[in-house]
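Visitor: Heads up: the sequence shown begins at 12 in the numbering used here, then just goes up one per residue. My questions will all concern the structure given below.
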Amino acid sequence: MIDQPAQSYRPGSKDDFDRLYRSTYQRIFATLVIILKSPAAAEDATQEAYLRAFRAWRTWKKDAPAEAWLVRIALNVAFTQRRRERLFEIGAILRRLGRPADPDPTDSMQSDLVRELRALPPKQASAIVLRHLHGFTNREIAAVLNVPERTVASRLAAAKGRLRSRLGERMNTEMGTSMPEPVPLEE
């Protein structure tokens with residue numbers, strides 16, 4: 012619930028920002044505790060959100076309620092923080108696993124595959140690598156990439172189609188990959 016109507020706030024007014032801060036802090040903090048699942052992380056994100064909002068307060072437009080504008084900033088801060096945490100966790104796991112053995116440079120199919128993977132759009136390449144190098148499920152890939160599972164399926168299908176068209180049957184026979192031909196859904 013907004014304590015002050017949007018018309019009573021003036022962009023750039025420090026007094027108005029102070030009123031907005033005092034009337035919204037508890038709700039913003041509570042929202043971020045739910046999203047970040049940690050009061051300490053929520054406190055950090057709340058402070059960062061208010062700092063960003065204060066820096067941009069001159070640019071706030073009255074066509075949107077000030078609290079809604081502030082909530083959007085806070086959510087963006089929280090989502091960024093969660094992405095960083097996930098990347099940190101993945102990095103820690105990779106460090107624990109250690110460096111894998113270097114690939115055999117004489118394997119021409121492997122170098123062809125690497126070249127074609129690098130030619131894929133980054134979103135498709137990341138999906139295909141997470142699936143076939145890391146063995147992730149669509150759900151796990153969706154969580155890592157922060158996209159819906161259907162988006163993951165579309166990216167995987169597009170990447171596999173492009174790789175098949177570029178590498179031909181060598182991709183399945185010489186590599187023994189886990190990229191079988193599509194299975195029809197209707198029998």
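The beta carbon of each residue, even a glycine, is placed where N, CA and C say it ideally should be.
1. In the stretch 83-141, which residue ranges form an unbroken alpha helix (DSSP H) of at least 4 residues, counting only runs that do not cross its ends?
2. Return the CA-CA distance between S19 and R173, expressed in angstroms with no decimal places.
3. Can you give the Cα-Cα distance for L141 and E54, rounded to whole angstroms?
4. Quick one: grab the DSSP three-state call for T162.
5. Hey, L47 and A56 are a contact pair by Cβ (cut 8 angstroms); roughly how many whole angstroms apart?
6. Taking the C-alpha atoms as reference points, what is the distance between L178 and R93?
7. Going by C-alpha to C-alpha distance, which of S137, L86, S24 sits closest to A154?
Guide: Put simply:
1. 119-130, all fully within the stretch 83-141.
2. Annotation: S19 to R173 spans about 56 angstroms, alpha carbon to alpha carbon.
3. Taking the CA atoms as reference points, L141 sits about 33 angstroms from E54.
4. T162 falls in the helix class under three-state DSSP.
5. With a Cβ gap of about 6 angstroms, L47 and A56 count as contacting.
6. Put simply, the backbone Cα of L178 is about 38 angstroms away from that of R93.
7. Per the C-alpha coordinates, the member of S137, L86, S24 positioned closest to A154 is S137.
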